[in-house]
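Here's the structure, in structure tokens; my notes come after.
Number of protein chains: 2
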Amino acid sequence: MGWASLPARPGETPNLRGLGRGTMAHQVTFEPEGWVVSVPEGATVLDAAVAAGIAMETDCGGQGVCGRCVALVREGTVRPLDEARWQETAVGAARRVLSCQAVVVSDLVVEVPEDGRAAQQIAVLGSAEGVGEGGLRGATRLAMRVELELPPPTRDDSLNDLDRIRRGLRERGLEPVHADLRLLQCLPGVLRASGFRVSVALADTEAGWQLIDVLPLGAPGRAHGLAVDIGTTTVALQLVDLETGAVVAHGGERNAQVRFGDDVISRIVWSEQHGDGVSRLQAAVRETLGELIVQACHEAHVSPRDVIAASIAGNATMMSFLLGVETGPLRRDPHSPVAGDLPVFRACDLGLPIHPRAAVFGQAAVSGFVGADITAGVLATGMADSPELTLLVDVGTNGEIALGNNEWLVCCSCSAGPAFEGVGIEAGMHGGSGAIDRLAYDPQTDEFTYHVIGDAPPRGLCGTGFIDALATLFAARVIDRAGAYDPGFPSPRLRTRTYEPEFLLVLAGEREAPDDIALAQSDLDNLIRSKAAVHAGVSILLRRVGLQPPAIERILLAGAFGSNLPVEQAVAIGLLPDLPRERIHYVGNTSLQGALRALLSGEARRRASEIARRMTYIELSTDTAFMEEYMASMFLPHTDMARFPSVT
Amino acid sequence: MGWASLPARPGETPNLRGLGRGTMAHQVTFEPEGWVVSVPEGATVLDAAVAAGIAMETDCGGQGVCGRCVALVREGTVRPLDEARWQETAVGAARRVLSCQAVVVSDLVVEVPEDGRAAQQIAVLGSAEGVGEGGLRGATRLAMRVELELPPPTRDDSLNDLDRIRRGLRERGLEPVHADLRLLQCLPGVLRASGFRVSVALADTEAGWQLIDVLPLGAPGRAHGLAVDIGTTTVALQLVDLETGAVVAHGGERNAQVRFGDDVISRIVWSEQHGDGVSRLQAAVRETLGELIVQACHEAHVSPRDVIAASIAGNATMMSFLLGVETGPLRRDPHSPVAGDLPVFRACDLGLPIHPRAAVFGQAAVSGFVGADITAGVLATGMADSPELTLLVDVGTNGEIALGNNEWLVCCSCSAGPAFEGVGIEAGMHGGSGAIDRLAYDPQTDEFTYHVIGDAPPRGLCGTGFIDALATLFAARVIDRAGAYDPGFPSPRLRTRTYEPEFLLVLAGEREAPDDIALAQSDLDNLIRSKAAVHAGVSILLRRVGLQPPAIERILLAGAFGSNLPVEQAVAIGLLPDLPRERIHYVGNTSLQGALRALLSGEARRRASEIARRMTYIELSTDTAFMEEYMASMFLPHTDMARFPSVT
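Taken in sequence, the protein lines are chains A and B.
Heads up, this note's numbering is the position in the first sequence plus 2, with the first residue counted as 1.
Heads up, this note's numbering is the position in the second sequence plus 2, with the first residue counted as 1.
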């Protein structure tokens with residue numbers, strides 16, 4: 003049992019994989035976006051695309067079968083992963099290959115044509131500055147360094163230090179420029195020690211350019227920034243070279259706030275019941291962020307002082323706890339958050355272990371339950387710029403749903419619970435090495451096989467694995483439409499332990515570990531409640547705008563499932579409406595992607611703010627039909643089978 | 003000996019008098035400015051005018067003789083100080099009286115007509131907003147409170163908290179509005195606890211309105227602000243009710259930095275020779291400021307949390323040390339300061355014991371040696387708006403001189419030393435109670451008499467006393483033109499102690515103290531060096547712009563001498579050019595007056611910045627003629643007696 007010989011599947015280098023994989027060996031530049039990522043030895047072009055936040059089209063799961071994840075290798079060398087599956091065509095000077103089969107063996111320049119992409123998730127880039135030159139080169143970073151060779155003061159030009167710097171920056175079109183006290187304190191010394199030849203770090207804020215630092219020209223270190231998605235359950239982070247736009251390290255970790263409650267409501271309640279509640283929740287997320295930052299900087303050999311910007315997305319509750327803002331009002335009607343557009347903060351105010359004056363940009367929130375993460379997601383997917391009617395379903399612990407196009411946008415929120423992120427499920431784990439992400443059933447042999455991420459023994463299931471397992475167990479009739487194990491199913495792996503039945507995926511002996519890996523009945527119930535909440539949310543949102551599912555031209559499924567999610571299974575369990583599969587795309591962690599875009603482009607930051615203002619929030623919790631829809635969605639795929647004609 | 007029976011002289015309630023005089027008894031409102039000050043029982047209208055920063059015309063020194071310090075009492079009651087000197091005329095419903103003779107016995111509304119004023123020092127107010135309604139009422143304070151009764155959020159109006167406040171403020175014409183992290187942290191709680199009825203404190207900054215605080219409507223306490231002049235030797239402060247513009251407390255104290263050096267150069271050198279030099283000098287001035295603030299708040303029963311603004315003037319070195327900015331570049335050619343216009347800081351950044359987010363405005367500097375104090379002085383005197391060619395001489399330890407009118411302005415700086423502030427002179431003291439401020443000589447009887455500020459035994463001499471004593475000793479021929487004691491002068495008070503001759507002003511027995519109060523030869527030499535530096539500065543500045551002294555239409559002598567300075571004596575010792583006396587006016591601490599105006603009026607803040615940009619700095623230290631002029635000025639009144647025809 004096990005697919006050790008099978009090729010890697012997309013998602014093996016997801017954003018959430020733990021760090022510490024050793025040195026990154028090669029840089030892959032993706033065009034036309036110009037994103038650059040570093041990947042380790044042995045990674046495929048598909049791995050690199052996932053790391054870059056580009057969702058590729060893959061039906062076969064990266065097995066070199068479906069032939070959809072095509073990429074054009076323009077510069078550099080790749081080698082076949084499996085000669086038997088290798089397909090290659092020359093397109094001018096480029097090689098057209100399957101990205102899942104192309105192992106990176108040198109630095110590459112790769113173009114991903116439209117037909118290789120899972121969705122037009124990066125359409126927004128088309129309207130951003132400088133696309134195609136590499137990492138949005140020329141776009142207005144959240145923070146940047148500018149080199150200035152200023153004339154030293156003389157009697158005829160005795161202009162003061164700050165205005166001298168301003169004069170130099172004005173010549174580059176950068177004004178107004180502000181300075182805080184700490185900066186003024188170091189200014190005379192640095193200017194004179196450097197002979198007025200300096201590298202000036204600046205933040206793009208709502209009030210103009212804020213001086214972050216002034217260093218002697220030629221001081222070592224390059225300017226870096228962070229893109230961060232603070233999920234209720236998982237915090238994901240990318241460390242980015244601000245000049246090239248290259249993602250030089252990435253990581254993910256469980257949000258240390260989980261110990262105060264699995265979902266936002268339980269954490270808000272906890273914080274209200276404890277005098278220092280907000281502070282403790284703030285400290286917890288700072289701890290997680292701090293660890294991720296230190297690890298990423300260590301891995302990429304970047305000094306934390308060179309990290310001068312951070313762009314952060316997360317739901318309104320996560321953003322509030324990060325800021326240390328009371329969250330009580332978020333859970334009470336009408337769920338007003340403390341602010342829509344946030345001011346650009348300094349890292350020292352938030353306790354982040356980077357440059358103390360680094361610019362911290364928080365995405366704008368729509369309401370207390372539809373936060374910066376969905377704004378970032380709508381930004382990253384470009385749906386606000388497309389005429390196509392698009393449904394974005396971001397399945398996190400807090401499920402957020404947006405519907406609309408370039409003319410209108412509505413959104414809502416539903417509490418999906420953390421099951422898809424592996425919390426509240428005994429065998430759950432995040433999508434790192436050792437996570438089971440697929441379960442297959444062969445009706446001929448009645449055999450079950452599973453696939454594990456990375457070269458490691460199985461340790462548990464990630465979100466993708468849960469959805470795959472639920473779909474597979476249902477297809478194999480191990481469970482019935484209510485999700486209950488069929489005690490009559492003829493398999494020794496189905497057994498009853500303590501009070502409930504469970505299905506054994508891996509026996510302790512099979513993985514050389516003391517415990518079995520099993521899915522208990524209560525685990526399945528949790529998963530079904532989660533998918534039901536999301537589906538009910540989608541249904542009510544559609545009903546509230548007077549549309550039927552077939553009106554949706556595109557469904558973009560986003561979330562940190564730990565591995566690229568198979569669309570078929572998401573429909574099979576009733577998580578998503580039963581639409582033609584070519585309309586449905588898994589687009590990965592769009593919240594993180596949006597944060598990255600905001601980090602790198604001023605146009606993206608402005609658009610994020612516009613998107614938040616444009617979106618109309620629709621409150622579901624007061625809709626009596628929601629509970630009805632939720633109950634009807636508690637079946638596989640749904641009580642009303644007419645809604646899922648393709649699922650048999 | 004002593005003038006105990008003589009009436010009080012102007013300056014008995016100067017800005018520099020020590021605090022702790024007990025409760026203020028009455029409020030005096032001055033028109034047309036609308037300034038309001040509180041004064042203790044027994045104060046005269048002239049005392050109140052000095053406290054309000056209004057310099058009155060007084061030739062007799064407030065003895066009720068010259069008849070120039072006229073004021074119209076429009077509302078309230080005054081009583082004669084000395085019936086024998088009382089003059090009163092009815093002007094409509096008002097009483098025209100001599101301010102020096104009118105003791106305040108109730109709250110008053112007083113108009114000071116032009117002929118009662120020492121100078122058109124407040125001309126600038128004519129162009130500021132809202133003059134005449136009381137304390138620049140209606141003018142844009144550096145910080146202010148605005149009461150907002152906001153609609154609580156509903157489902158139809160679920161706008162976030164910050165934008166809800168912004169919407170309320172926009173309706174008052176206040177935008178853009180910014181918030182820092184600390185403010186956001188308290189926002190949801192305060193808004194909900196108060197039912198969205200709040201008092202919002204706002205600071206007027208270069209980037210718009212910054213939220214300082216949000217309090218429930220009706221919370222006790224009124225908004226106050228500070229006007230501060232940080233002198234090299236003396237720090238002066240006024241605590242002001244921001245709503246009415248009333249000065250509710252004032253105080254002055256020796257700058258604790260004096261222990262690191264008497265003048266700016268010696269302190270800069272000290273700071274450069276010690277690793278933590280800047281920090282220690284910063285700590286010293288913070289200590290002085292902190293004590294003054296605590297005392298002023300205590301005296302006026304104002305909570306430091308209600309002090310939401312501070313407007314600070316001082317020379318470039320003093321401002322740099324306050325900010326903790328390295329000062330080395332200030333003493334080296336071309337003396338560039340760190341910044342011209344300073345950003346509005348938060349009090350917590352500067353360690354001031356007021357509201358942590360209080361707005362701190364620093365006047366703009368012209369150069370490293372012509373700082374915010376002269377900008378404030380030019381602002382306060384209105385000379386930049388007048389067609390009259392005006393010379394402003396600000397005699398502090400760092401002497402600063404400005405010349406010009408509404409068409410052009412030049413300025414320079416000379417190190418006068420701290421002698422006029424009573425430092426470096428054995429008998430020196432600041433201008434508080436017990437300071438001798440006048441010395442008189444009766445050639446008939448060969449008797450010397452002195453006058454002491456306040457109802458106290460003599461303790462030393464203040465700046466005014468030094469100038470008076472020097473002029474009197476010279477007139478009595480106790481000293482010769484070189485300032486040397488004439489050993490042949492027939493007085494037992496002239497004696498030689500240790501190495502040098504000295505003149506005994508007060509014997510130990512006369513004042514019931516163990517020591518005599520004497521002026522030693524070296525003290526006189528110090529004073530003469532100080533006056534010579536100022537006179538040389540004036541001469542060179544005039545020469546550099548190609549003018550002769552008679553071209554000057556007005557001389558405004560500013561400085562913290564501790565008492566109103568007699569103009570005649572300032573000319574007699576050669577401190578000022580020998581011009582018709584009606585052109586010369588003592589205008590008090592114009593730096594503090596300018597800081598006060600900037601605190602209360604946005605127009606004044608903008609004008610201060612314009613003035614700093616308009617002024618051309620003229621460097622004297624590299625002018626070889628300066629030393630020549632300085633040496634020639636070391637005589638009384640000058641080597642070239644033709645320059646002082648009126649001094650015999």
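Ideal Cβ positions, reconstructed from N, Cα and C, are used throughout, including at glycine.
Residue i burial status per 10 Å Cβ neighbour count (16 or more: buried)
i	result
Asp265 of chain B	buried
Met651 of chain B	This structure gives no information on residue 651 of chain B, because the portion of chain B shown stretches from 3 to 650.
Arg607 of chain B	buried
Gly277 of chain A	exposed
Met636 of chain A	buried
Asp308 of chain A	buried
Trp410 of chain A	exposed
Run of the beta strand (DSSP E) containing residue i, from where it starts to where it stops
i	result
Gly316 of chain A	309–316
Ala251 of chain B	248–256
Ser415 of chain A	411–417
Gly227 of chain B	226–232
Gly364 of chain A	361–364
Gly465 of chain A	Gly465 of chain A -> not in any beta strand (DSSP E); alpha helix (DSSP H) instead, spanning 465–477.
Gln446 of chain A	Unbroken run through Gln446 of chain A: none, as it is neither H nor E.
Val80 of chain A	80–82
Coarse secondary structure for residue i, derived from DSSP in three states
i	result
Trp272 of chain B	helix
Gln523 of chain A	helix
His303 of chain A	coil
Arg147 of chain A	strand
Ala238 of chain A	strand
Phe646 of chain B	coil
Leu558 of chain B	strand
Gln550 of chain B	coil
Thr500 of chain B	coil
Ala515 of chain B	coil
Gln284 of chain B	helix
Arg461 of chain B	coil
Arg70 of chain B	coil
Ala51 of chain A	helix
Residues bridged to residue i (per DSSP)
i	result
Glu90 of chain A	A:Val99
Ala404 of chain A	A:Leu394, A:Cys413
Tyr619 of chain A	A:Cys413
Tyr588 of chain B	B:Leu559
Thr207 of chain B	B:Gly210
Gln1 of chain B	An answer regarding residue 1 of chain B cannot be provided, because it is not within the stretch 3 to 650 covered by chain B.
Asp243 of chain A	A:His226
Residue i CB to nearest heavy atom of the ligand FMN below 7 Å
i	result
Leu219 of chain B	The ligand FMN is not part of the structure shown, which contains no ligands of any sort.
Start-to-end residues for the alpha helix (DSSP H) that takes in residue i
i	result
Gln571 of chain A	569–574
Arg172 of chain B	163–172
Val380 of chain A	374–383
Val192 of chain A	183–195
Leu332 of chain A	Per DSSP, Leu332 of chain A belongs to no alpha helix (DSSP H) and is neither H nor E.
Within-8 Å CB hit, residue i to chain D
i	result
His357 of chain B	No chain D is part of this structure, whose protein chains are labelled A and B.
Inset, instruction - Answer yes if the stretch 337–345 of chain A comes into contact with the stretch 168–176 of chain A, meaning at least three C-beta pairs across the two stretches below 8 Å, and no otherwise. - result: Contact fails: fewer than three Cβ-Cβ distances are below 8 Å.
Legend entry - At least three beta-carbon pairs within less than 8 Å, the stretch 552–560 of chain B to the stretch 183–194 of chain B: In short, these stretches do not touch, since the Cβ pair count stays below three.
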